[in-house]
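In UniProt numbering, the protein residues as written are 1 to 273.
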């Protein structure tokens with residue numbers, strides 16, 4: 001079952017600018033549980049090899065949840081219109097819609113958690129991609145509206161559920177109930193002193209639900225950039241590893257001679273080589 005707790009605004013987005021910290025140059029930008037990675041970098045990459053792999057895995061997790069949520073969003077967006085719920089005539093139909101909506105909420109919340117964690121780990125020291133931030137906010141709004149749909153569907157279940165039958169009373173039970181009523185006399189009801197009506201926030205029926213709009217161009221491009229960055233960093237590390245292995249295989253001097261040459265160069269005795 002989906003938790004009834006609605007998605008709340010994440011604190012890291014409320015203080016995105018204040019969280020950005022300065023880092024030493026040429027060090028990995030990742031940070032886990034407040035502990036920055038201290039591994040030094042070479043080349044154009046901005047994550048160490050280990051965190052580059054985690055970067056790709058993190059993206060693939062929240063992207064898979066995003067794809068599932070987008071597929072289900074196209075189905076449940078119809079029920080954002082209360083009239084579409086009212087026309088449901090059977091409990092089976094409504095219960096299926098509830099299961100579908102709960103599954104969407106689970107996928108969307110998984111995507112939201114993945115994107116927020118991705119930002120906390122890999123963008124603690126730089127501004128995240130604007131499209132990534134936009135998608136995170138979009139998903140959070142969609143989750144809130146999906147919970148509203150869930151409320152309407154559950155209300156429809158209550159409307160379609162027949163009342164429980166009253167237990168039949170025997171003749172003696174009816175006689176005793178009537179005698180008790182005569183002994184107690186008429187019940188005086190207190191007068192109504194005041195009445196209040198709770199009116200919820202104004203909802204424009206013509207206003208389009210956020211569920212009606214899927215991932216837009218900027219959000220899609222942000223995910224594409226993340227995917228390409230991860231692939232390029234891992235490809236660069238793979239090439240660096242291959243080139244180092246080739247250098248070791250082609251080194252004609254051997255480890256002892258190589259270390260001796262390096263030692264002479266550090267002492268400024270290059271003319272002795």
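Even glycine gets a Cβ: it sits at the ideal position worked out from N, Cα and C.
Note that this is a predicted model, so its numbers are computed, not measured.
- Excluding its 5 nearest sequence neighbours in each direction, residue 139 has C-beta neighbours in its own chain below 6 Å: 108, 111, 112, listed in chain order.
- Assignment of residue 40 by DSSP, reduced to helix, strand and coil, places it in the strand class.
- With fewer than 16 other Cβ atoms inside 10 Å of its own Cβ, residue 169 counts as exposed.
- Counting other Cβ atoms within 10 Å of its Cβ, residue 211 reaches 16 or more and is therefore classed as buried.
- The alpha-carbon of residue 73 is positioned some 7 Å away from that of residue 104.
- Contact between residue 153 and residue 84 does not hold, since the beta-carbon distance rounds to 10 Å and is not under 8 Å.
- By a beta-carbon distance limit of 8 Å, residue 230 does not contact residue 135. Their separation comes to about 17 Å.
- A residue is called buried when at least 16 other Cβ atoms come within 10 angstroms of its Cβ; residue 89 does not meet this threshold and is exposed.
- Here the alpha carbon of residue 114 sits roughly 12 Å from the alpha carbon of residue 122.
- Residues 40, 41, 42 of the same chain have their beta carbon placed closer than 8 Å to that of residue 26, with the five preceding and five following residues left out of the count.
- Distance between residue 49 and residue 81, taken at the CA atoms: about 49 Å.
- Of the other Cβ atoms in all chains shown, fewer than 16 fall within 10 Å of the Cβ of residue 155; this residue is therefore exposed.
- A straight-line Cα-Cα distance of about 17 Å links residue 38 and residue 120.
- The beta-carbon separation of residue 129 and residue 225, rounded to 6 Å, stays under the 8 Å limit for a contact.
- Counting only the Cα atoms, residue 142 lies some 13 Å from residue 79.
- For residue 131, the enclosing alpha helix (DSSP H) begins and ends at 130 to 160.
- At a cut-off of 3 residues, not a single continuous stretch assigned as beta strand (DSSP E) sits fully inside the segment 70 to 97.
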